[in-house]
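The working numbering puts the first residue of the sequence shown at -8, with every later residue one more than the last.
Worksheet: the structure to be examined is printed underneath.
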Amino acid sequence: MSIRTGIVGISGFGGGEALRLIAGHPSFDLVYAAGDGSAGARLIDRFPGVPRALADLVIRKWDPEALPELDLLFASLPTGRSADALARVPASVKIVDIGGDHRHVAGWTYGLADVWPERIAGQSRVANPGCFPVATLTALAPLLAAGLIDPANIVIDAKTGISGAGRGGGDGRFGFAETNETLIPYGLLHHVHMPEMETTIAQLGRGSAAGLVFTPHLVPMTRGLLVTTYARGRATTGECLAAARAFYAERPFVRVTDQPPQSKWASGSNLAFVSYAADPARNLVMALGVVDNLGKGAAGHAVQNANLMVGLPETAGLEGAPLWP
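Written out as structure tokens, the structure is:
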């Protein structure tokens, strides 16, 4: 099977990671690349290590009304930049929106692939979850589904690598000198991922998530993401681990661990690691989630969703091991 594939926003971190994965995919044939900042350049000029078969593919200026014949399109555009343009893409082209414009929007399927794969299979418009929601919701989903925690008053403390801000994020405020040897909280109280997490937690837990608190931080590493989530519940650590192992028993990319996960465990992969610590006497459950913000948190998850959409094994092109050390 050869699936004619395109990437929009190929110059960004998410688009570049999508290129890396699609270049090695057994069924996705990259025939179109678009990016306003690099239009006119060949892929090899922008990505010197690209496979030779793709070296001379010219990056085009993004125009949804001038697409070649495509089966599948990955859109990796900043939030607010994709809704109008993707509405003009022909209905025959399946789309995975890695950006934030279509999460929980009518006409689009929310692509939390490890939790709801059956919702994604065969769909033509799928909205990739955000990187923070992926780690958070993957850790919380088994507990919410089993009724082990209260969906109200959840507190999320999250850390991400600098690539999480995007290549152009922060108008230059996230360069090496500004981010090395420091820890930066941002998006307090009104982060763009808050509504997405509130909606999904309410669906999973069948109750309001109105008390949700979310504090993200940038840490001086390139990629990686860890969330520590605090919730109310009388479950034991063992009960939480057992619920997660049962919930993810048939899911290929989620690893439930007895020890607290580290961000490097997932680097360069589509894996998610979850673990738990609970103190029933204090009515406290801690859920920890780790993903690579560019992998499971963006492009890897997008490829997993696309595999489900076109009827391929969801592991296709995603079975590589994490980067070590």
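Ideal Cβ placement from N, Cα and C applies to all residues, glycine included.
Everything numeric in this text was worked out from a predicted model, so none of it was measured.
For residue i and residue j, what's the separation of their Cα atoms in angstroms?
i              : j                 : result
leucine 314    : serine 260        : 8 Å
serine 83      : leucine 180       : 39 Å
alanine 30     : histidine 182     : 31 Å
histidine 184  : aspartate 20      : 32 Å
proline 304    : alanine 137       : 28 Å
valine 218     : alanine 57        : 41 Å
glycine 308    : proline 316       : 22 Å
valine 87      : glycine 152       : 23 Å
valine 204     : glutamate 187     : 13 Å
proline 17     : phenylalanine 244 : 19 Å
methionine 212 : leucine 285       : 13 Å
alanine 289    : glycine 15        : 17 Å
histidine 93   : arginine 72       : 11 Å
threonine 129  : serine 115        : 23 Å
histidine 292  : threonine 306     : 10 Å
glutamate 169  : isoleucine 147    : 25 Å
arginine 225   : leucine 135       : 13 Å
isoleucine -2  : alanine 66        : 6 Å
glycine 302    : lysine 150        : 34 Å
proline 252    : valine 265        : 7 Å
glycine 3      : isoleucine 50     : 13 Å
asparagine 144 : glycine 102       : 25 Å
Thinking C-beta only, is residue j closer than 8 Å to residue i?
i              : j             : result
threonine 228  : tyrosine 267  : yes
isoleucine 35  : alanine 46    : yes
isoleucine 111 : glycine 5     : no
valine 96      : proline 55    : no
threonine 127  : threonine 220 : yes
threonine 100  : valine 125    : no
leucine 232    : valine 247    : yes
valine 281     : alanine 257   : yes
isoleucine 140 : arginine 223  : yes
lysine 85      : leucine 68    : no
glycine 215    : aspartate 283 : yes
arginine -5    : leucine 61    : yes
serine 262     : proline 108   : Just to set this straight, residue 262 is leucine in the shown sequence, not serine. No, these two residues do not count as a Cβ contact at 8 Å.
For the alpha helix (DSSP H) that contains residue i, what are its first and last residues?
i                : result
histidine 292    : 291 to 301
arginine 37      : 34 to 37
proline 186      : 185 to 196
valine 49        : Where valine 49 is concerned, there is no enclosing alpha helix (DSSP H), given that its DSSP letter is neither H nor E.
isoleucine 13    : 4 to 14
alanine 132      : 122 to 136
phenylalanine 19 : Segment 19 to 25 is the beta strand (DSSP E) holding phenylalanine 19; no alpha helix (DSSP H) there.
threonine 170    : 167 to 170
So residue i packs on residue j, CB below 8 Å; how close in whole Å?
i              : j           : result
glutamine 295  : alanine 44  : About 23 Å separates the two Cβ atoms, so there is no contact after all.
valine 366     : alanine 78  : Residue numbering for the chain in the displayed model covers -8 to 316; residue 366 lies beyond these limits and cannot be assessed.
isoleucine 192 : proline 120 : About 12 Å; that fails the 8 Å criterion.
isoleucine 1   : leucine 12  : Not really, about 12 Å apart at Cβ, beyond 8 Å.
With residue i as the anchor, note down where its beta strand (DSSP E) starts and where it stops.
i              : result
proline 243    : No beta strand (DSSP E) contains proline 243, which DSSP labels as neither H nor E.
isoleucine 150 : Rather than isoleucine, the amino acid found at residue 150 in this sequence is lysine. Unbroken beta strand (DSSP E) run through lysine 150: 146 to 151.
serine 29      : Premise fails: serine 29 is in no beta strand (DSSP E) and is neither H nor E.
methionine -8  : From DSSP, methionine -8 is part of no beta strand (DSSP E); its letter is neither H nor E.
glycine 280    : 275 to 282
valine 265     : 263 to 270
valine 204     : 204 to 209
Return yes when the C-beta of residue i is under 7 Å from any heavy atom of the ligand FAD, and no when it is not.
i           : result
glycine 178 : Because no ligand of any kind appears in the structure shown, any question about the ligand FAD cannot be addressed here.
Continuous alpha helix (DSSP H) assignments of at least 4 residues falling wholly in the segment 63 to 120: 74 to 77, 108 to 111
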